[in-house]
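Residue numbers (my numbering): 921 to 1227.
Backbone N, C-alpha and C fix where the C-beta goes; we use that ideal spot for every residue, glycine too.
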Amino acid sequence: MTRKPTQARIWAALVTVYVLWGSTYLGIRWAEATIPPLLMSGVRFLIAGAILFLWRLPSARRNGETPSRGHWMAAFLVGVPLILGGNGGVALAERTVPSGVTAVMVALTPLWMALIDRFVFHRRLNPWTWTGIVVGFGGVAFLIGLPGSGRIDIVGASIVVVASLSWAAGSIYSREAKLPKDSSLGIGMEMLAGGACLCIASAIFGDAGRLHVARISPLSYWSFAYLVVFGAIVGFSAYLWLLRVTETSRVATYAYVNPVVAVALGAALGHEPISARTVAAGAVILTGVALIVANSKPPEGAAEAGP
921 MTRKPTQARI
931 WAALVTVYVL
941 WGSTYLGIRW
951 AEATIPPLLM
961 SGVRFLIAGA
971 ILFLWRLPSA
981 RRNGETPSRG
991 HWMAAFLVGV
1001 PLILGGNGGV
1011 ALAERTVPSG
1021 VTAVMVALTP
1031 LWMALIDRFV
1041 FHRRLNPWTW
1051 TGIVVGFGGV
1061 AFLIGLPGSG
1071 RIDIVGASIV
1081 VVASLSWAAG
1091 SIYSREAKLP
1101 KDSSLGIGME
1111 MLAGGACLCI
1121 ASAIFGDAGR
1131 LHVARISPLS
1141 YWSFAYLVVF
1151 GAIVGFSAYL
1161 WLLRVTETSR
1171 VATYAYVNPV
1181 VAVALGAALG
1191 HEPISARTVA
1201 AGAVILTGVA
1211 LIVANSKPPE
1221 GAAEAGP
């Protein structure tokens, strides 16, 4: 039998996602400075997934539940868009796009969620939601600028846009995925599936062949460890737990805070410039997100579970 989580617990998880995920953008930039991005992300999630899986598996077995083939298939269908498409895409993009700008563009996720609701699940969107979608994508167009403007790398920015779409799709499916009742075990399985796919992708595209262990800097090592523990195990677990226990529109508020944290840390610690264009475009994008989130209806039958 599951119990309804307290509001204090939900807010604690939200703040965790706000702060930790806002900081991971700079962490990714530092980690991939001397570690190939796809390989770094793949190993990161394999380690985090193995820790969660091995930690929770004995408890699940004592409760009479062993991961089935169906559970692994569901984990694959969640892990591929979230981890391979979402996190892998962000890691690739940050080779050419500043961490703060990347976070601002990832704020598109609620816009993609609204479009998926409309065109996949055929849910009617109100005029304010459509306005938010147009405003949000207009902000991205302004941020990227015209080709040849030299402001933001077009290829890197395009990868971020696709990554945010992939993340939105995985987030929506995760609510209905038939995973083990132990949410931490299920999250570990998703990380293992997505991390394995990232490692395969790194081998296919030659990313792994560019690794030189002797050249990995101490900053990259520490950043990688931070991403494993706080970005993946703590932050990712909090996010997927929130998707199962509260409405999507509430979880989507992380899109407001993450860019602020990422831009501030990128400027303070990463010496990334904050241009008027970035601030203005960020304000436009977040206005679009606000219109969507404020006019979203909670999903029917939201799951109530404990981690």
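Express the C-alpha separation of residue j and residue i in angstroms, rounding to a whole number.
i: Pro-1193; j: Ala-1097; result: 41 Å
i: Val-1000; j: Ala-1088; result: 12 Å
i: Leu-946; j: Gly-1008; result: 15 Å
i: Thr-1198; j: Val-1081; result: 16 Å
i: Gly-1006; j: Ala-1077; result: 13 Å
i: Gly-1068; j: Phe-1057; result: Note that Gly-1068 scores a pLDDT of 45, beneath 50, so its modelled location is shaky; the value from the coordinates is reported in the next line. Their backbone Cα atoms lie some 20 Å apart in a straight line.
i: Gly-962; j: Ile-948; result: 12 Å
i: Leu-1162; j: Ala-1011; result: 24 Å
i: Ile-1258; j: Ala-1196; result: Only positions 921 to 1227 of the chain appear in this structure, which leaves residue 1258 out of reach.
i: Val-1026; j: Leu-1118; result: 19 Å
i: Trp-1142; j: Pro-1047; result: 46 Å
i: Ala-953; j: Arg-1044; result: 44 Å
i: Leu-1134; j: Ile-1079; result: For clarity, residue 1134 is Ala in the given sequence; the question names Leu instead. If you take the alpha carbons of Ala-1134 and Ile-1079, they lie about 30 Å apart.
i: Gly-1186; j: Val-1040; result: 36 Å
i: Met-1111; j: Val-1171; result: 20 Å
i: Ile-1124; j: Arg-1130; result: 12 Å
With DSSP collapsed to three states, give me the class of residue i.
i: Leu-1118; result: helix
i: Arg-1164; result: helix
i: Ala-953; result: coil
i: Gly-1202; result: helix
i: Glu-985; result: coil
i: Thr-936; result: helix
i: Gly-1190; result: coil
i: Val-1017; result: coil
i: Phe-1041; result: coil
i: Leu-1066; result: Residue confidence is low: Leu-1066 scores 47 on pLDDT, short of 50, so the model does not pin down where it sits. No coordinate-derived value is stated.
i: Leu-1002; result: helix
i: Thr-918; result: The chain is shown only over 921 to 1227; residue 918 falls outside these bounds and no answer can be derived.
i: Ile-967; result: helix
Can the beta-carbon of residue i be found less than 9 Å from the beta-carbon of residue j?
i: Val-1181; j: Val-939; result: yes
i: Leu-1085; j: Ile-1205; result: no
i: Ala-1201; j: Val-998; result: no
i: Ala-1023; j: Phe-1144; result: no
i: Gly-1114; j: Leu-1160; result: no
i: Ile-1003; j: Ser-1140; result: no
i: Ile-1092; j: Ile-1036; result: yes
i: Asp-1102; j: Asn-983; result: yes
i: Ala-970; j: Gly-1151; result: no
i: Val-1055; j: Thr-1173; result: no
Just tell me which of the options has its CA closest to the CA of residue i.
i: Ser-943; options: Gly-1020, Gly-1129, Glu-1167; result: Gly-1020
i: Pro-1030; options: Leu-1185, Ala-1188, Ser-1169, Thr-1198; result: Ser-1169
i: Ile-914; options: Asp-1102, Ala-1116, Ile-1036, Phe-1039; result: An answer regarding residue 914 cannot be provided, because it is not within the stretch 921 to 1227 covered by the chain.
i: Arg-900; options: Leu-1004, Thr-1166, Thr-954; result: Nothing in the structure corresponds to residue 900, since the chain is present only between 921 and 1227.
i: Ser-988; options: Arg-1135, Phe-1041, Pro-1100; result: Pro-1100
i: Ala-1175; options: Pro-956, Val-1213, Trp-1050, Asp-1102; result: Val-1213
i: Ala-1128; options: Trp-941, Met-960, Leu-934; result: Met-960
i: Pro-957; options: Thr-986, Gly-1108, Ala-994, Leu-1147; result: Leu-1147
i: Pro-978; options: Ser-1104, Gly-1090, Val-937; result: Ser-1104
**Message:** Please give the ranges of any alpha helix (DSSP H) in the segment 1094-1160, keeping only runs that are unbroken, at least 4 residues long and fully inside the region.
**Reply:** 1103-1124, 1138-1146
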